[in-house]
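Heads up, the thing below is written out as structure tokens.
Numbering (mature numbering (1 follows the signal peptide of the UniProt record, and there is no 0)), first residue to last: -23 to -1, 1 to 275.
What follows is the structure, given as structure tokens:
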């Protein structure tokens, strides 16, 4: 399983981007997802650097996570954080909707991302060493600031060399549910904290091998307790759900979410709900035995 919240630089923008499967091969068979974590997560020699604002950004620390469907990279130094998420796990070139880049200056509330940009954004994975568990490549992108892209920065000559990676979920997040009585087996867990209509929300999204998505959305100020999903009062419901199958999105029209534990960093709970078309009508799928335990804070 994976969780994009390990890349806080990008977390506010994940809901804006639908990751599509790229044309490259599937997971490299030599990458063992859920295997042993590299005991030295940032050895000397692994760096990421990129040019912007007439200077060269050089990482002081890096974090890389390769799971069943994505590669997630985060680099930090005193200037801020540079990161990307790519829908793919093999050597090759990625662009378009397969890649999401971001840069957040230290202390800033908004990030520069390639979301909505018409400028090319290209990532090339040149090597994945499955023996030493390192990854190398190059990248370039233009990032707009915030959702309205009020200003932009051009990032060029990006290169990362021998960055160590792990292939086990670094946060220990878990997600389980059954759809129509059959287990929904997730490859990916995305935890997104975003602002919708002035209110902060936590979106817990599990994605399976067929790119179907099962999601539970919570108001960030939710507390321990049981909350009804009405489907008719989305603006006032403190918990919501949805199930995406291919191009069809089904929204929860009845059910409950129970929050059993919540701290400033993690939230744990259970859920069950029925889903159907947004316009109403009959239930199309039944979600049962749902449970999650995820990190949403930093």
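Glycine is no exception: its CB is placed at the ideal position from the N, C-alpha and C atoms.
In the three-state scheme derived from DSSP, where H, G and I count as helix and E and B as strand, residue 93 is classed as coil. Of the residues 92, 112 and 101, the one whose Cα lies closest to the Cα of residue 129 is 92. Contact check for residue 116 against residue 61 passes: the beta carbons are separated by less than 8 angstroms.
Going by DSSP, residue 71 is part of the beta strand (DSSP E) stretching over 69 to 72. Taking 3 residues as the shortest admissible run, the stretch 175 to 260 contains the following complete beta strand (DSSP E) segments, listed from N- to C-terminal end: 176 to 185, 190 to 196, 202 to 206, 216 to 222, 225 to 239 and 243 to 253.
Membership of residue 263 in the beta strand (DSSP E) is indicated by the continuous run 262 to 272. Following the DSSP letters along the chain, one finds residue 26 inside the beta strand (DSSP E) bounded by residues 24 to 29. In this structure, the alpha-carbon of residue 193 lies about 7 angstroms from that of residue 182. Taken through DSSP and simplified to helix, strand or coil, residue 164 comes out as strand. Between residue 33 and residue 52, the C-beta spacing is not below 8 angstroms. Fewer than three Cβ pairs drawn from the stretch 247 to 254 and the stretch 159 to 178 lie within less than 8 angstroms of each other, which leaves the two stretches out of contact. Taking the CA atoms as reference points, residue 41 sits about 16 angstroms from residue 80. About 5 angstroms separates the CB atoms of residue 168 and residue 273; that is less than 8 angstroms, so the two are in contact.
Secondary structure note for residue 56: it is in no beta strand (DSSP E), with a DSSP letter that is neither H nor E.
DSSP links residue 142 through a beta bridge to no other residue. Counting other Cβ atoms within 10 Å of its Cβ, residue 111 reaches 16 or more and is therefore classed as buried.
For the pair residue 77 and residue 206, the Cα-to-Cα distance works out to about 32 angstroms.
Apart from the 5 residues on each side of it in sequence, residue 219 sits with its Cβ closer than 7 angstroms to the Cβ of 192, 226, 227, 228, 229 and 252 in its chain, given in chain order. Spatial neighbours of residue 134 in its own chain (CB-CB distance under 7 angstroms, excluding positions within 5 residues in sequence) are listed in chain order as 27 and 28. Put simply, of 204, 95, 165 and 101 the residue whose alpha carbon is nearest the alpha carbon of residue 148 is 165.
Taken atom to atom, the span from the alpha-carbon of residue 96 to that of residue 103 is near 22 angstroms. Residue 106: member of the beta strand (DSSP E) spanning 99 to 106, first to last residue. Residue 212 is not a Cβ neighbour of residue 234, given a cutoff of 8 angstroms. Rounded to the nearest angstrom, the gap between the Cα atoms of residue 157 and residue 56 is 49 angstroms. Burial of residue 269 is indicated by the presence of at least 16 other C-beta atoms within 10 angstroms of its C-beta. Between the C-alpha atoms of residue 154 and residue 221 there is a straight-line separation of about 14 angstroms. The criterion of a C-beta distance shorter than 8 angstroms is not satisfied by residue 189 and residue 162.
Nearest Cα to residue 49 within the set 141, 89, 63 and 244: 63. Per the coordinates, the alpha-carbon of residue 150 lies some 10 angstroms from the alpha-carbon of residue 244. Less than 8 angstroms separates the beta-carbon of residue 137 from that of residue 25. The residues 27, 29 and 118, in chain order, have a CB closer than 6 angstroms to that of residue 132 in the same chain once the five nearest residues on each side in sequence are set aside.
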